[in-house]
Amino acid sequence: MVNASQTSLEYLLPEAGKWLALQNGLYAIPGPGYILVTAVIPLLTVNSGIIGGGINFKRYFINRQVEKDYTTDFPADEMADYLASRFASYKPAASEWAALMTAARVVDACWLRITHRDCQVNVIVTAGVNNACSAGVTPYCVPGKVAPGTINIMAFLPHALTPGALVNAVQTVTEAKTQTLREFNITCPVTGAFASGTNTDATLIAAATDALLHEYAGPGTLAGYILACGVRAALTRALKTYLARQAQGVYDEIPCEEIL
Numbered sequence: 152m153v154n155a156s157q158t159s160l161e162y163l164l165p166e167a168g169k170w171l172a173l174q175n176g177l178y179a180i181p182g183p184g185y186i187l188v189t190a191v192i193p194l195l196t197v198n199s200g201i202i203g204g205g206i207n208f209k210r211y212f213i214n215r216q217v218e219k220d221y222t223t224d225f226p227a228d229e230m231a232d233y234l235a236s237r238f239a240s241y242k243p244a245a246s247e248w249a250a251l252m253t254a255a256r257v258v259d260a261c262w263l264r265i266t267h268r269d270c271q272v273n274v275i276v277t278a279g280v281n282n283a284c285s286a287g288v289t290p291y292c293v294p295g296k297v298a299p300g301t302i303n304i305m306a307f308l309p310h311a312l313t314p315g316a317l318v319n320a321v322q323t324v325t326e327a328k329t330q331t332l333r334e335f336n337i338t339c340p341v342t343g344a345f346a347s348g349t350n351t352d353a354t355l356i357a358a359a360t361d362a363l364l365h366e367y368a369g370p371g372t373l374a375g376y377i378l379a380c381g382v383r384a385a386l387t388r389a390l391k392t393y394l395a396r397q398a399q400g401v402y403d404e405i406p407c408e409e410i411l
């Protein structure tokens with residue numbers, strides 16, 4: 152079993168507009184209305200986001216904040232237009248981008264690094280739970296009736312994962328997210344059931360390709376344990392910030408282009 156006393160948890164405090172080294176060859180910057188992470192060498196990535204979904208090699212990772220009344224019939228096209236206009240590197244490297252979208256405040260994201268011996272994970276989480284749901288209990292969503300509120304999780308590992316281990320990692324992240332929501336007593340506003348997530352969550356996990364290979368990343372493995380611990384800690388802090396703002400009646404009052 153893992154000795155928790157040997158686990159190091161570091162909350163990162165990035166400065167707006169300044170690059171931060173997350174791990175060897177991986178850098179991140181909080182910009183106006185987005186969080187951008189770039190890799191020197193493409194990372195094997197599993198992504199459920201709006202751009203670059205599936206399992207593939209990616210170098211650019213973004214979590215973009217949109218206004219709470221954002222609506223479009225073609226969100227992927229709109230996101231591609233946004234990236235092309237905002238980032239000069241987008242068009243020549245469009246296939247290397249993975250993009251998430253949220254109405255949660257990216258300025259309130261939790262950034263952390265968790266390490267246990269030679270195993271490490273960097274996690275960035277944004278959280279909103281206005282549209283919390285319980286999978287298999289909450290009815291499917293009527294288009295245009297979804298309130299802002301998304302849990303977006305980005306996790307970066309300096310270790311290699313097989314494609315199967317990447318899928319394992321998604322399972323692990325989801326279980327850690329759901330357990331954390333249960334501890335906060337977050338419920339579905341429609342059914343009252345304990346929430347398993349929100350109906351617009353996205354998960355992105357990216358792993359190095361030139362490092363020690365892990366064949367599994369379920370919650371019983373070292374890689375999965377560290378990943379789950381990181382997600383729980385990051386989501387806990389992000390939810391505390393979100394709920395505090397909500398209690399003060401100030402959440403979502405600041406336009407996304409003015410938050411940094």
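Residues 152 to 411 in our numbering are what the sequence shown lists, from first letter to last.
All C-beta atoms in this analysis are idealised placements derived from N, C-alpha and C, irrespective of residue type, glycine included.
Neighbourhood of residue i by C-beta distance below 8 Å, restricted to the same chain and skipping five residues each side
i, result
"Tyr-233", "Arg-215"
"Asp-361", "Ile-192 and Ala-311"
"Ala-283", "Gly-300, Leu-332, Ile-337, Thr-338, Cys-339, Pro-340, Ala-346, Gly-348 and Thr-349"
"Gly-315", "Glu-366 and Tyr-367"
"Lys-463", "Lying outside 152 to 411, the shown extent of the chain, residue 463 is not represented and no answer is given."
Residues bridged to residue i [DSSP beta-bridge criterion]
i, result
"Ala-261", "Reading off the sequence shown, one finds Cys at residue 261, where the question assumed Ala. Val-276."
"Trp-248", "Tyr-211"
"Ile-202", "Ala-250"
"Ile-186", "Pro-181 and Asn-214"
"Val-197", "Ile-206 and Ile-356"
First through last residue of the beta strand (DSSP E) which encompasses residue i
i, result
"Ile-213", "205-216"
"Gln-157", "Note, Gln-157: premise wrong, no beta strand (DSSP E); not H, not E."
"Ala-357", "353-358"
"Asn-303", "303-308"
"Leu-164", "Taken as a continuous stretch (DSSP letters only), Leu-164 belongs to no beta strand (DSSP E), as it is neither H nor E."
"Ala-172", "171-174"
Same chain only: Cβ atoms within 6 Å of residue i, ignoring 5 sequence neighbours per side
i, result
"Pro-226", "Ile-201"
"Gly-168", "none"
"Thr-158", "His-267"
"Arg-383", "Ala-327 and Thr-331"
"Val-272", "Ile-265, Ala-306, Leu-308, Ile-377, Leu-378 and Gly-381"
"Ala-389", "Cys-261, Val-276 and Ala-278"
For residue i, the first and last residue of its enclosing alpha helix (DSSP H)
i, result
"Ile-180", "Taken as a continuous stretch (DSSP letters only), Ile-180 belongs to no alpha helix (DSSP H), being part of the beta strand (DSSP E) at 177-182."
"Ala-374", "373-399"
"Thr-325", "314-334"
"Leu-234", "226-237"
Contact with chain D by residue i, beta-carbon distance below 8 Å
i, result
"Glu-326", "Absence of chain D from the displayed structure is noted, only one protein chain being present."
Cβ-based burial, residue i [other Cβ within 10 Å; buried from 16]
i, result
"Lys-242", "exposed"
"Ile-206", "exposed"
"Glu-409", "With a pLDDT of 38 at Glu-409, under the threshold of 50, the modelled position of this residue cannot be trusted, and the question is left open."
"Asn-175", "exposed"
"Ala-398", "exposed"
"Ser-285", "buried"
"Thr-222", "exposed"
"Pro-181", "buried"
"Ala-278", "buried"
"Asp-269", "exposed"
"Leu-251", "buried"
"Thr-354", "buried"
"Ser-342", "For clarity, residue 342 is Thr in the given sequence; the question names Ser instead. With fewer than 16 Cβ atoms within 10 Å of its Cβ, Thr-342 is classed as exposed."
Sequence-distant residues of its chain with Cβ nearer than 7 Å to residue i (five each side left out)
i, result
"Gly-369", "Asn-319, Gln-322, Thr-323 and Gly-375"
"Ala-235", "Tyr-241 and Lys-242"
"Leu-163", "Leu-171, Trp-262, Leu-263 and Arg-264"
Heavy atom of the ligand GDP within 7 Å of residue i beta-carbon
i, result
"Ser-240", "The ligand content of the structure shown is nil, which means the ligand GDP is not present either."
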